[in-house]
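Numbering (the working numbering), first residue to last: 647 to 759. Remarks on the structure that follows.
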Ligand SMILES: [Zn+2]
């Protein structure tokens with residue numbers, strides 16, 4: 647259920663933007679989510695429906711793009727996506743790797759009337 651906290655974050659951010667720009671209705675929110683974050687966009691949308699009653703976000707849709715998370719080699723400093731390696735650094739063959747967890751959760755854009 648960790649989507650609730652992130653949905654509150656999105657809701658407050660978008661609501662503030664909508665108010666600042668005199669937006670009457672927000673149609674769609676585009677999110678960029680790292681694949682390690684493990685957020686389910688459908689659940690975020692469901693929470694948003696509940697939270698947004700009587701706000702400009704009422705009935706808002708969520709459009710999510712899932713981004714490959716990155717792996718960093720602690721020996722040579724190279725970063726690459728999870729799909730670019732099997733079990734070792736593609737550059738120096740080190741096994742000393744760090745998976746960057748859930749660093750990406752971004753509200754990319756908002757569609758509004
Ligand atoms: Zn390396």
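Note that the Cβ used here is the ideal one computed from N, Cα and C, for glycine as well.
### Query
Buried or exposed: which applies to residue 755, given that a residue is buried once 16 or more other Cβ atoms fall within 10 Å of its Cβ?
exposed
### Query
Cβ-heavy atom distance between residue 740 and ligand 1 below 7 Å?
yes
### Task
Decide yes or no for the touch test of the stretch 721–733 against the stretch 684–694: beta carbon pairs closer than 8 Å, at least 3 of them.
no
### Task
Excluding the 5 residues preceding and the 5 following residue 721 in the sequence, name in chain order all residues of the same chain whose CB lies nearer than 8 Å to its CB.
735, 738, 740 and 742
### Message
If distances are taken between C-alpha atoms only, which option among 672, 681, 728 and 682 comes closest to residue 707?
### Response
672
### Query
Just the Cα atoms here: how many angstroms apart are residue 669 and residue 661?
9 Å
### Message
For residue 726 and residue 699, what's the separation of their Cα atoms in angstroms?
### Response
42 Å
### Query
Do residue 733 and ligand 1 come close, with the Cβ less than 7 Å from some heavy atom?
no
#### Entry: From 724, 716, 753 and 758, residue whose alpha carbon lies closest to that of residue 747
716
### Message
I'd like to check one pair, residue 674 with residue 759: are the Cβ atoms closer than 8 Å?
### Response
no
### Task
Ignore the nearest five residues each way along the sequence and tell me which others in residue 656's own chain have a CB closer than 8 Å to its CB.
675, 677, 690, 694 and 753
### Message
Given this structure, state the Cα-to-Cα distance separating residue 719 from residue 683, to the nearest angstrom.
### Response
20 Å
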